[in-house]
Amino acid sequence: VSNKARVKFKDKVRELTRRNNPLSMFENIRELNQYLQGWVAYFGIQEFKKIFWELDAWIRSRLRSMQLKKWKNPHKFQRIMIKSGFKPQDAHRVWVRMNKWQSVHRRAVRFTLNLKWFREQGLLFLNDFTKRPLELPLFSR
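Residue numbering for the sequence shown follows the numbering used here, starting at 344 and increasing by one per position.
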């Protein structure tokens with residue numbers, strides 16, 4: 344994948360994952376999945392596992408940032424953390440006043456909004472497309 348294609352991809356994902364987007368997380372992920380499927384269909388003939396893995400991680404960080412912004416106050420995030428298995432006293436200490444992009448890289452946020460959470464939300468990962476055999480249409484004579 345060329346640098347130009349990657350820059351264009353990231354610009355489009357940034358547009359779809361703006362933090363001030365009024366859509367729900369489910370609707371955002373649905374729109375993002377449509378774009379990802381088309382992008383992978385174009386570049387998926389070749390195997391770009393490392394590039395796809397890096398882009399997947401970046402997309403999840405963007406979505407974590409969106410979700411933290413939508414929760415607005417620390418109490419919602421703390422309740423989610425407790426449901427994820429954190430002790431209540433640890434959950435109350437985690438929320439710090441940082442910008443959203445710094446917060447998404449915190450261990451507690453990555454543990455709470457993990458791969459399982461994204462799968463439950465319906466997010467398709469780019470590497471999932473490389474694990475399946477390519478479905479090529481059969482031409483009949």
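Glycine included, each C-beta is placed from N, C-alpha and C at the ideal position.
Small disclaimer: the values here were computed from a predicted structure and weren't measured.
Within 10 angstroms of its Cβ, does Gln410 collect 16 or more other Cβ (buried), or is it exposed? Indexing the sequence shown from 1 puts residue 410 at position 67. By the beta-carbon neighbour count (other beta carbons within 10 angstroms, threshold 16), Gln410 is buried.
Going by DSSP, what residue range makes up the alpha helix (DSSP H) through Gly428? On the sequence shown, residue 428 is found 85 positions in, with the first residue counted as 1. First-last for Gly428: undefined, no H or E at that position.
Taking just the CA atoms, how far does Gln432 sit from Phe369? By 1-based counting over the sequence shown, the position of residue 369 is 26. By 1-based counting over the sequence shown, the position of residue 432 is 89. Between Phe369 and Gln432, the C-alpha separation is close to 30 Å.
8 Å Cβ cutoff met for Phe352 and Trp382: On the sequence shown, position 9 is the one that residue 352 refers to. On the sequence shown, position 39 is the one that residue 382 refers to. Yes, they are a contact pair.
Taking 7 Å as the limit between beta carbons, can you name the residues of its chain near Tyr378, skipping five residues before and five after? Taking the sequence shown and counting its residues from 1, one reaches residue 378 at position 35. Around Tyr378: Lys355 and Leu359.
Taking the C-alpha atoms as reference points, what is the distance between Asn457 and Gly465? Position 114 of the sequence shown, counted from the start, is the residue given in the question as residue 457. Position 122 of the sequence shown, counted from the start, is the residue given in the question as residue 465. Computed Cα separation, rounded: 13 Å.
From the DSSP output, in three-state form, read off Leu487 for me. Outside the modelled stretch of the chain, which goes from 344 to 484, sits residue 487, for which no answer is possible.
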